[in-house]
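Here the structure is laid out as structure tokens; the discussion comes afterwards.
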Amino acid sequence: MATAHHADHPSGLMRWLTSTNHKDIGTLYLFFALTMFFVGGAMAMVIRAELFQPGLQIVEPHFFNQMTTMHALIMIFGAVMPAFTGFANWQIPLMIGAADMALPRLNNWSFWILPFAFTLLISSLFLQGQGGGPSGGWTLYPPLSTQGGIGTDMTILSIHLMGISSVLGAINVIATILNMRAPGMTLLKMPMFVWTWLITAFLLLAAMPVLAGAVTMLLTDRHFGTHFFNAAGGGDPVMFQHVFWFFGHPEVYILILPAFGIASQIIPTFARKPLFGYESMVYATASIAFLSFIVWAHHMFTVGMPLAGELFFMYSTMLIAVPTGVKVFNWVATMWRGSLSFETPMLFALAFVMLFTIGGFSGLMLAIAPADFQYHDTYFVVAHFHYVLVSGAVFAILAGAYYWLPKWTGHMYSETLGKWHFWLSAIGFNLTFFPQHFLGLAGMPRRIPDYALQFTEFNQISSYGAFLFGFSQLLFVVVVLKAVRGGKKAEARAWEGAEGLEWTVPSPAPYHTFSTPPRVR
Amino acid sequence: MAMENLPETQRRAIVRTAVTLGLIAFALFVYTLWRGV
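Which chain is which? The protein sequence lines are R and S, in order.
When you line the first sequence up against my numbering, it's residues 465 to 985, in that order.
When you line the second sequence up against my numbering, it's residues 1160 to 1196, in that order.
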């Protein structure tokens, strides 16, 4: 079943440049994501350092705007999405009993587009004489984005490259799952992580071309005399918001559905029980994906929509709570009367369930159109989406990394360091973002480098938390490096309660696995 | 694992899936621009 042919691939740099092996490409994606996590994190540190006190002390307001914009673009497109694609590359073939991804050469190309895309994006920061990097927010709303300097053009091209990479990756995932499953692995026998990625890939395929269309129109408005978004020329800047959020809301689920999948793998393992309500999990994931396409205008309640539009988007948004509630119920029910143990992956997964739910509830508050008029563009929104994306997506990524690290490296990681990492992250995260709810409700606007005096204390708590959270992530690097270099040998089934094909191959997983497909019963 | 090792039917199915999905993505891109116009 598992075979090792270490001599049949190049070594050194050429191995990584030319590899078509899903494990190599998965590793590349994961290291790229980790690097971008620290680049985007450094920008978050600049933001929190500036906001430590009212007034302007560390950076110019224009540079602050570049930091908020770049932080978002890098974390979304450079850290979270590539991290999940790294998991997909490593785990999907192992979980469905396939020898590799369906289109290995395309896989190599999908990855190697990314370093160029992000070099282009980040290098715009070095062109401060020409306006620097993008500074109108990651949403790139016109007219700010049509007025930006060359950095905006570099961002548009970079987004095109990221989009190509994502769509090619999505095609590969779908082609792999639909055509490469081992005999007997019917769709409803697939692990939840594979299901969530299949649905995510369809979301990517439907959403990314819309973003590409939006930024193409932005580019032609900037340089080729069109007026798609220019009211003076007969265009409509609000149309950009509609097109952008038609991409942007599914994007939110692109960032969270694989996290649901990871939690659905980890919780049963450490509860030592099968996942409760597997089929309802699949249908709930598909429902969330469908609903994600009919809620986009809840991001723009304040632009002045007809009442019927506001009501439609308010109710459709609230409807998402139903399938999401099904998921949270199923995770809790999986743990009910389970034989629980609390290793680091389980701690991160539990924190994910609890804190993501807080983010879900604040999302429900924001869904209420009249309440959103008050919350819109305040720190309440910042608190909300960081609960969803940091304690949601990032915690799930960390949970998954700890969970599968023994399979990837062949060594158990240091549980002591892992637990330190978890607790410092959980405390730092909540210190950073919980006070931001209060700041938002009190009226502090987002994306502004200065604030009124009465917001000082909560901002200082938030900045202390951010530094704690940020620097504690260095522990994760130590954990990973230690596990790569050595440590206690991991068994094929690294966790007592783990189920699934990936645990039937040795740890570390050999370079080639499932050359002969396994038979699934 | 080279694709050449897969059975012909499976190879064809993979290429068919990939080409169909690629065309759908490109059509969505063009449709977005057309709606913008």
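Don't be surprised by glycine CBs; every beta carbon is placed ideally from N, CA and C.
is_contact[S:Leu-1182, chain R] using C-beta, thresh 7 Å: Interface criterion not met: the Cβ of S:Leu-1182 is under 7 Å from no Cβ in chain R.
Validate contact between the segment 873 to 891 of chain R and the segment 557 to 566 of chain R using beta carbons, cut 8 Å, 3 pairs: Contact between the segment 873 to 891 of chain R and the segment 557 to 566 of chain R is absent, with fewer than three C-beta pairs closer than 8 Å.
Within chain S, the residues that R:Ala-639 reaches when beta carbons sit closer than 7 Å: For R:Ala-639, the neighbours in chain S by C-beta distance under 7 Å run, in chain order, Ile-1173, Thr-1176 and Ala-1177.
Chain-ordered neighbours of R:Asn-406 on chain S, where CB pairs are closer than 8 Å: Only positions 465 to 985 of chain R appear in the structure, and residue 406 of chain R is not among them; the question remains open.
Close beta carbons around R:Gly-613, own chain, < 6 Å, minus the five adjacent residues each side: Excluding sequence neighbours, R:Gly-613 sits near Gln-594 and Gly-595.
Per DSSP, the bridge partner or partners of R:His-875: Answer is R:Lys-953, bridged to R:His-875.
R:Thr-650: contacting residues in chain S (beta-carbon distance under 9 Å): Those do not exist, as R:Thr-650 stays about 16 Å from chain S at its closest Cβ, beyond 9 Å.
Nonlocal neighbours in the same chain, by C-beta distance under 8 Å from R:Ala-468, ignoring five residues either side: Only weak support is given to the placement of R:Ala-468: the predicted model assigns it a pLDDT of 49, under 50, and the value that follows is read from those uncertain coordinates. Closer than 8 Å at the Cβ level, and outside the excluded window around R:Ala-468, lie Pro-974, Tyr-975 and His-976.
Residues near R:Ala-735 by beta carbon distance below 6 Å, same chain, minus five either side: Within the same chain, Thr-798, Met-799, Gly-802 and Leu-804 come within 6 Å of R:Ala-735 by CB-CB distance, once the 5 residues on both sides are set aside.
Three or more C-beta pairs below 8 Å linking the segment 903 to 913 of chain R and the segment 855 to 863 of chain R: Taking a cut-off of 8 Å for Cβ pairs, the segment 903 to 913 of chain R and the segment 855 to 863 of chain R do not touch, as fewer than three such pairs fall below it.
Minimum C-alpha distance to R:Ile-636 - residue among R:Pro-568, R:Pro-606, R:Gly-677 and R:Phe-501: The sequence as given places Asn at residue 636 of chain R; Ile does not occur at that position. For R:Asn-636, the closest C-alpha among the options R:Pro-568, R:Pro-606, R:Gly-677 and R:Phe-501 is that of R:Pro-568.
Neighbour list for R:Leu-567 in chain S, Cβ cutoff strictly below 9 Å: What R:Leu-567 touches in chain S: Met-1162, Ile-1173, Val-1174 and Ala-1177.
Contact with chain R by S:Leu-1192, beta-carbon distance below 7 Å: Answer yes: the Cβ-Cβ gap between S:Leu-1192 and chain R drops below 7 Å somewhere.
Within-7 Å CB hit, R:Val-631 to chain S: It does: the Cβ of R:Val-631 has a partner Cβ on chain S nearer than 7 Å.
R:Val-503 to R:Ile-577 span [Cα, whole Å]: Rounded to whole angstroms, R:Val-503 to R:Ile-577 spans 18 Å at the Cα level.
C-beta neighbour in chain S for R:Trp-480, strict 7 Å: Output row for R:Trp-480: interface = no.
Option in S:Glu-1167, S:Ala-1177 and S:Ala-1172 with minimal Cα separation from R:Leu-570: Of the residues S:Glu-1167, S:Ala-1177 and S:Ala-1172, the one whose Cα lies closest to the Cα of R:Leu-570 is S:Ala-1177.
Beta-carbon proximity of R:Gly-675 to R:Ile-718, cut-off 7 Å: The residue you asked about is not Gly; residue 675 of chain R is Leu in the sequence shown. Not closer than 7 Å, so no.
Alpha helix (DSSP H) segments (min. 4 residues) lying fully within the segment 644 to 711 of chain R: 656 to 687, all fully within the segment 644 to 711 of chain R.
Beta carbon proximity, R:Met-681 to chain S, threshold 7 Å: By this cut-off, R:Met-681 is an interface position.
Coil, strand or helix - R:Thr-603 by DSSP: In the structure shown, R:Thr-603 sits in coil (DSSP, three-state: anything other than H, G, I, E or B).
Cβ distance (whole Å) where R:Asn-783 is taken to contact R:Leu-755 below 8 Å: The residue you asked about is not Asn; residue 783 of chain R is Leu in the sequence shown. Taking the Cβ atoms as the reference, R:Leu-783 lies roughly 6 Å from R:Leu-755, within the contact range of under 8 Å.
Cβ separation of R:Ile-663 and R:Ala-723, assumed to be a contact under 8 Å, to the nearest whole Å: The beta-carbon separation of R:Ile-663 and R:Ala-723, rounded to 13 Å, does not stay under the 8 Å limit for a contact.
Check whether R:Ala-727 and R:Asn-643 have beta carbons under 7 Å apart: For the pair R:Ala-727 and R:Asn-643, the CB atoms are not nearer than the 7 Å cut-off.
Helix, strand or coil at R:Ala-466 according to DSSP, with G and I counted as helix: At R:Ala-466 the pLDDT is 45, less than 50, meaning the model places this residue with poor confidence and gives no usable figure here.
Residue from R:Phe-777, R:Met-478 and R:Val-746 whose Cα sits closest to the Cα of R:Phe-710: Per the Cα distances, R:Phe-777.
Environment of R:Val-854 [buried if 16+ CB atoms lie within 10 Å]: Under the 10 Å beta carbon count, R:Val-854 is surrounded by 16 or more other beta carbons and is classified as buried.
R:Arg-645 burial status per 10 Å Cβ neighbour count (16 or more: buried): Buried, because 16 or more other Cβ atoms sit within 10 Å of the Cβ of R:Arg-645.
Residues bridged to R:Thr-842 [DSSP beta-bridge criterion]: As a beta-bridge residue in DSSP terms, R:Thr-842 pairs with R:Pro-909.
Local conformation of R:His-406 per DSSP, three classes: Past the boundaries of the shown model lies residue 406 of chain R; chain R is included only from 465 to 985, so the question cannot be answered.
R:Arg-957 to R:Glu-807 span [Cα, whole Å]: For R:Arg-957 and R:Glu-807, the distance between alpha carbons rounds to 15 Å.
Touching by the beta-carbon criterion (3+ pairs, under 8 Å), the segment 947 to 965 of chain R and the segment 926 to 939 of chain R: Judged by Cβ distances under 8 Å, the segment 947 to 965 of chain R makes no contact with the segment 926 to 939 of chain R, as fewer than three pairs qualify.
9 Å Cβ cut-off: residues of chain S touching R:Val-707: In chain order: Thr-1191, Arg-1194 and Gly-1195.
Separation of R:Trp-659 from R:Gly-698, as counted between CA atoms: Near 45 Å, if we compare the C-alpha coordinates of R:Trp-659 and R:Gly-698.
Status (buried if at least 16 other CB within 10 Å, exposed otherwise) for R:Ala-696: The residue is exposed, with fewer than 16 neighbouring Cβ atoms inside 10 Å.
Residue from R:Met-829, R:Ala-581 and R:Leu-589 with nearest C-alpha to R:Thr-533: Comparing Cα-Cα distances from R:Thr-533 to each of R:Met-829, R:Ala-581 and R:Leu-589, the minimum goes to R:Leu-589.
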